[in-house]
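Participant: Chains as they are written, first to last, in the working numbering: chain A, 36 to 257; chain B, 36 to 251. Where is the CB? At the ideal position from N, CA and C, for every residue including glycine. Predicted model, so just to flag it, every value in this text is computed and none were measured.
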Amino acid sequence: MGPDLDFAVVMDHLPEMLMGCLGTMALALSGMSLALIIGVAGVMARGSSLPWLRRLVIAFIEITRNTPFLVQIFFLYFALPAAGLRLNPTVTSILALGLNGGAYAIEIIRGGVQSIHKGQIEAGLALGLHKAQVFRLIVLKPALRAIYPSLTGQFIMLTLTSSICTSVAAYELTSVAQRIESDTFRSFEVYFTVTLMYLAISWLLMTAFAAFSRQYFSYPTR
Amino acid sequence: MNIAFGLKEFLFLLTGLKWTIFLSLIAFTGGGAAGLLVAVARTAQNAALRRAMMLYIAVFQGTPLLMQLFVVYYGLGLIGIQLPAWAAVAIAFTLNASAFLGDIWRGAIEALPRGQTEAAIALGLPMLSRLRDIILPQALRIAQPATVGYAVQLIKGTSLAAIVGFIELARAGQIVSSQTFAPILIFGIVGAIYFALCWPLSLYSARLEAKFAAAR
Numbered sequence: 036m037g038p039d040l041d042f043a044v045v046m047d048h049l050p051e052m053l054m055g056c057l058g059t060m061a062l063a064l065s066g067m068s069l070a071l072i073i074g075v076a077g078v079m080a081r082g083s084s085l086p087w088l089r090r091l092v093i094a095f096i097e098i099t100r101n102t103p104f105l106v107q108i109f110f111l112y113f114a115l116p117a118a119g120l121r122l123n124p125t126v127t128s129i130l131a132l133g134l135n136g137g138a139y140a141i142e143i144i145r146g147g148v149q150s151i152h153k154g155q156i157e158a159g160l161a162l163g164l165h166k167a168q169v170f171r172l173i174v175l176k177p178a179l180r181a182i183y184p185s186l187t188g189q190f191i192m193l194t195l196t197s198s199i200c201t202s203v204a205a206y207e208l209t210s211v212a213q214r215i216e217s218d219t220f221r222s223f224e225v226y227f228t229v230t231l232m233y234l235a236i237s238w239l240l241m242t243a244f245a246a247f248s249r250q251y252f253s254y255p256t257r
Numbered sequence: 036m037n038i039a040f041g042l043k044e045f046l047f048l049l050t051g052l053k054w055t056i057f058l059s060l061i062a063f064t065g066g067g068a069a070g071l072l073v074a075v076a077r078t079a080q081n082a083a084l085r086r087a088m089m090l091y092i093a094v095f096q097g098t099p100l101l102m103q104l105f106v107v108y109y110g111l112g113l114i115g116i117q118l119p120a121w122a123a124v125a126i127a128f129t130l131n132a133s134a135f136l137g138d139i140w141r142g143a144i145e146a147l148p149r150g151q152t153e154a155a156i157a158l159g160l161p162m163l164s165r166l167r168d169i170i171l172p173q174a175l176r177i178a179q180p181a182t183v184g185y186a187v188q189l190i191k192g193t194s195l196a197a198i199v200g201f202i203e204l205a206r207a208g209q210i211v212s213s214q215t216f217a218p219i220l221i222f223g224i225v226g227a228i229y230f231a232l233c234w235p236l237s238l239y240s241a242r243l244e245a246k247f248a249a250a251r
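1) Compare the C-alpha of I143 of chain A against each of A:Y233, A:R180, A:A61 and name the closest.
2) Of all the CB atoms in chain B, is at least one closer than 8 Å to the CB of F190 of chain A?
3) Nearest chain B C-beta to N101 of chain A closer than 8 Å, yes or no?
4) Are the Cβ atoms of Y206 of chain A and T125 of chain A separated by less than 8 Å?
5) Is it buried or exposed, E145 of chain B, if we count other Cβ atoms within 10 angstroms and call 16 or more buried?
6) Run through chain B and tell me which residues come within less than 7 Å of V229 of chain A, C-beta to C-beta.
7) Check the C-beta distance from T182 of chain B over to A39 of chain B and give it rounded, since I have them as a contact under 8 Å.
8) For the alpha helix (DSSP H) that contains G146 of chain A, what are its first and last residues?
9) Using a Cβ-Cβ cutoff of 8 Å, what residues of the stretch 214-231 of chain B are near chain A? List them in chain order.
10) For the 8 Å Cβ check, are there 3 or more pairs between the stretch 71-79 of chain B and the stretch 211-218 of chain A?
11) DSSP three-state call for E97 of chain A: helix, strand or coil?
12) Note down the Cα distance separating F105 of chain B from Y226 of chain A, rounded to an integer number of angstroms.
13) For S197 of chain A and L160 of chain B, what's the separation of their Cα atoms in angstroms?
14) So, are the CB atoms of L58 of chain B and A196 of chain B less than 8 Å apart?
15) Spatial neighbours of S212 of chain B within its chain, please: CB distance less than 8 Å, with the 5 preceding and 5 following residues excluded, ordered by chain position.
16) Along the chain, where does the alpha helix (DSSP H) containing Y109 of chain B start, and where does it finish?
17) Flag this pair as yes or no: are the beta carbons of F128 of chain B and T193 of chain B separated by less than 8 Å?
18) Considering only residues of the same chain and omitting the five flanking positions on each side of A123 of chain B, which have a CB-CB separation below 7 Å?
19) Check P235 of chain B in the structure and name its three-state DSSP category.
20) DSSP state of F190 of chain A, grouped into three classes?
21) Pick helix, strand or coil for N81 of chain B, following the three-state DSSP scheme.
22) I need the DSSP call for A205 of chain A, collapsed to helix, strand or coil.
23) Using the beta-carbon of each residue, which ones in chain B are nearer than 8 Å to I98 of chain A?
24) Measuring alpha carbon to alpha carbon, tell me which of B:G115, B:M89, B:T98 ends up nearest G142 of chain B.
25) Does the distance from the C-beta atom of S150 of chain A to that of G97 of chain B stay below 8 Å?
26) Can you pull out the residues from the stretch 182-212 of chain B whose beta carbon lies closer than 9 Å to at least one beta carbon of chain A?
27) Using CA coordinates, which residue listed in B:Y229, B:G208, B:A87, B:Q179 is at the minimum distance from L243 of chain B?
28) Determine whether the Cβ of L113 of chain B lies closer than 8 Å to any Cβ atom of chain A.
29) Report the start-end ranges of each alpha helix (DSSP H) in the stretch 42-90 of chain B that is 4 residues or longer and not cut off at the edges.
30) Could you check what DSSP says for G192 of chain B in three-state terms: helix, strand or coil?
31) Express the C-alpha separation of A120 of chain B and A140 of chain A in angstroms, rounding to a whole number.
32) Quick check on this structure: which residue in B:I190, B:G208, B:Q188 has the alpha carbon closest to the alpha carbon of T50 of chain B?
33) Locate the alpha helix (DSSP H) running through V106 of chain A, then write down its first and last residues.
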């Protein structure tokens with residue numbers, strides 16, 4: 036006799052799970068957007084002429100990258116209300132994901148900006164391009180292309196990290212799964228199904244990112 | 036029932052820390068050994084073996100660590116294997132580490148010049164000796180920065196054992212936090228302990244990377 040499996044019970048809850056997938060996607064995409072904003076702002080602050088601001092950014096990066104996301108989200112969850120900010124769990128989670136992803140994004144984006152040689156900009160200006168054209172065509176686009184694989188890889192990791200937001204009861208796939216589990220007691224079936232859904236979400240994101248890259252970054256490199 | 040944060044609470048956190056270190060060590064050693072097999076199979080001549088390992092790695096890299104923990108934790112029970120919580124959790128972390136380390140080392144093996152393998156074959160070395168004496172020593176050296184970097188991810192990852200109720204550092208923090216009603220202080224301390232554990236490794240990884248970049 037094999038293990039006692041019953042996926043039928045799980046299938047009854049399929050609509051809730053699919054809504055949970057949407058919750059995860061919304062949470063992850065909001066977190067990514069915030070991470071991108073923090074990333075760009077962080078790169079500018081990192082190159083600032085104010086030493087204390089530079090040091091603050093470096094401290095933020097090191098602390099965020101060397102502590103677990105679970106501890107970060109708990110800290111925010113309790114620290115924000117103490118600072119007078121009462122946010123719901125989902126917004127707190129977006130903030131935590133944005134800060135965590137932002138710390139990684141700063142380093143990635145900085146690498147991309149540094150990959151553009153000064154001579155490229157000078158050559159662009161010498162060819163008679165406007166400053167805005169030089170920034171858009173010579174700095175921004177090649178820099179984005181250079182960092183695109185690491186940035187999107189980081190974003191997929193952020194989507195998987197969002198499952199930890201269940202610990203503050205944010206609305207996403209894992210918290211939905213935990214509720215269904217406690218209703219049905221079909222732990223393995225529920226988590227196995229949800230794991231496959233996460234796999235589908237990361238493949239979907241990977242495909243979308245690759246399609247975007249083909250559309251916007253496909254011009255000859257040399 | 037408001038307990039102040041004192042020596043007893045701090046010692047409780049340190050007991051949790053002991054488990055965090057223990058879990059990390061098991062997962063890194065076990066995952067390292069299994070990861071070696073994954074890396075070798077992933078770069079093998081046999082196409083079916085290569086593809087199977089590709090799938091193995093893709094599944095672990097494409098799903099949340101928390102879900103892997105749940106699936107292994109409840110899956111073992113389902114097939115009749117009754118293990119203490121720490122062992123079930125350790126198995127999940129070990130499997131995860133084997134996929135990630137396997138992929139890191141796969142990259143390093145592929146980065147070696149083809150001539151290394153060809154020369155070893157021409158010298159008539161059997162496969163085991165080729166791997167043990169020629170390929171792996173060089174590949175593992177190149178992979179040093181990424182391997183140490185992954186150790187940081189692993190230590191941070193063990194905090195998820197808290198969600199299945201296993202008392203390591205993060206869970207110990209939750210417990211003390213609910214006893215003392217001082218969550219900001221407690222999670223600050225817990226974060227600082229993780230930082231003290233991970234930061235030196237991150238610095239070491241960055242130093243190794245700079246050393247290799249300079250040597251190139």
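Facilitator: According to the data block:
1) What you label residue 143 of chain A is simply residue 108 of the first sequence in a count that begins at 1. Measuring from the Cα of I143 of chain A, the nearest candidate turns out to be A:R180.
2) In the first sequence, the residue the question calls residue 190 of chain A occupies position 155. By this cut-off, F190 of chain A is not an interface position.
3) Taking the first sequence and counting its residues from 1, the one referred to as residue 101 of chain A is at position 66. Chain B, which has a Cβ nearer than 8 Å to the Cβ of N101 of chain A, makes this yes.
4) Locating residue 206 of chain A in the first sequence gives position 171, where the first residue counts as 1. Locating residue 125 of chain A in the first sequence gives position 90, where the first residue counts as 1. A contact, by the Cβ cut-off of 8 Å.
5) For the purposes of this step, residue 145 of chain B is identified with residue 110 of the second sequence, where counting begins at 1. Result: exposed.
6) Within the first sequence, numbered from 1, the residue matching residue 229 of chain A stands at position 194. Those within 7 Å of V229 of chain A in chain B are M102.
7) In the second sequence, residue 182 of chain B corresponds to position 147, counting from 1. In the second sequence, residue 39 of chain B corresponds to position 4, counting from 1. Actually they are not in contact, since the Cβ atoms of T182 of chain B and A39 of chain B sit about 42 Å apart, beyond 8 Å.
8) For this step, residue 146 of chain A is matched to residue 111 along the first sequence. Boundaries of the alpha helix (DSSP H) harbouring G146 of chain A: 124-149, taken from the DSSP string.
9) Under the 8 Å Cβ criterion, the stretch 214-231 of chain B contributes P218, I219, F222, G223, V225, G226, Y229, F230.
10) Of all C-beta pairs linking the stretch 71-79 of chain B to the stretch 211-218 of chain A, fewer than three are shorter than 8 Å, placing the two stretches out of contact.
11) Sequence index remark: in the first sequence, residue 97 of chain A carries index 62 (1-based). In the three-state DSSP reduction, E97 of chain A falls in the helix class (H, G or I).
12) Locating residue 105 of chain B in the second sequence gives position 70, counting from the first residue. Locating residue 226 of chain A in the first sequence gives position 191, counting from the first residue. Their Cα atoms are separated by approximately 6 Å.
13) One-based indexing of the first sequence puts residue 197 of chain A at position 162. One-based indexing of the second sequence puts residue 160 of chain B at position 125. Cα to Cα, S197 of chain A sits roughly 48 Å from L160 of chain B.
14) Here residue 58 of chain B refers to the residue found at position 23 when the second sequence is read from its first residue. Here residue 196 of chain B refers to the residue found at position 161 when the second sequence is read from its first residue. Yes, the Cβ-Cβ distance between L58 of chain B and A196 of chain B is below 8 Å.
15) For the purposes of this step, residue 212 of chain B is identified with residue 177 of the second sequence, where counting begins at 1. Once the five neighbours on either side are set aside, the close Cβ partners of S212 of chain B are P218, I221, F222.
16) As a working mapping, residue 109 of chain B is identified with position 74 in the second sequence. Residues 100-113.
17) Taking the first residue of the second sequence as 1, we reach residue 128 of chain B at position 93. Taking the first residue of the second sequence as 1, we reach residue 193 of chain B at position 158. Contact: yes.
18) The sequence position of residue 123 of chain B within the second sequence is 88, counting from 1. Only V107, Y108, L111 meet the Cβ criterion.
19) What you label residue 235 of chain B is simply residue 200 of the second sequence in a count that begins at 1. Residue state for P235 of chain B is assigned as helix, using DSSP reduced to three classes.
20) To locate residue 190 of chain A, count along the first sequence from 1; it is residue 155. In this structure, F190 of chain A counts as helix in the three-state DSSP scheme.
21) Working through the second sequence from its first residue, we reach residue 81 of chain B at position 46. DSSP places N81 of chain B in coil when its eight states are reduced to three.
22) Residue mapping note: residue 205 of chain A aligns to position 170 of the first sequence, counting from 1. If DSSP states are grouped into helix, strand and coil, A205 of chain A belongs with coil.
23) Translated into the one-based positions of the first sequence, residue 98 of chain A becomes position 63. Among the residues of chain B, those whose CB is under 8 Å from the CB of I98 of chain A are G226, F230, following chain order.
24) Against the second sequence, residue 142 of chain B aligns to sequence position 107. Minimum Cα distance to G142 of chain B is reached at B:M89.
25) Here residue 150 of chain A is taken as the residue at index 115 of the first sequence, counted from 1. Here residue 97 of chain B is taken as the residue at index 62 of the second sequence, counted from 1. Taking 8 Å as the Cβ cut-off, S150 of chain A and G97 of chain B do not qualify as a contacting pair.
26) Residues of the stretch 182-212 of chain B with a C-beta less than 9 Å from any C-beta of chain A: V187, I190, K191, G192, T193, S194, L195, A197, I198, L204, A205, G208, Q209, S212, listed in chain order.
27) Locating residue 243 of chain B in the second sequence gives position 208, where the first residue counts as 1. Relative to the Cα of L243 of chain B, the nearest Cα in the group B:Y229, B:G208, B:A87, B:Q179 belongs to B:Q179.
28) Indexing the second sequence from 1 puts residue 113 of chain B at position 78. By this cut-off, L113 of chain B is an interface position.
29) At a cut-off of 4 residues, the continuous stretches assigned as alpha helix (DSSP H) that sit fully inside the stretch 42-90 of chain B are 42-77.
30) Counting from 1 along the second sequence, the entry for residue 192 of chain B is found at position 157. Helix.
31) Counting from one through the first sequence, the residue named residue 140 of chain A turns up at place 105. Counting from one through the second sequence, the residue named residue 120 of chain B turns up at place 85. So the two alpha carbons sit approximately 36 Å from each other.
32) Taking the first residue of the second sequence as position 1, residue 50 of chain B is located at position 15. Ranking B:I190, B:G208, B:Q188 by Cα distance to T50 of chain B puts B:G208 first.
33) Stepping through the first sequence from its first residue, residue 106 of chain A is reached at position 71. Following the DSSP letters along the chain, one finds V106 of chain A inside the alpha helix (DSSP H) bounded by residues 104-117.
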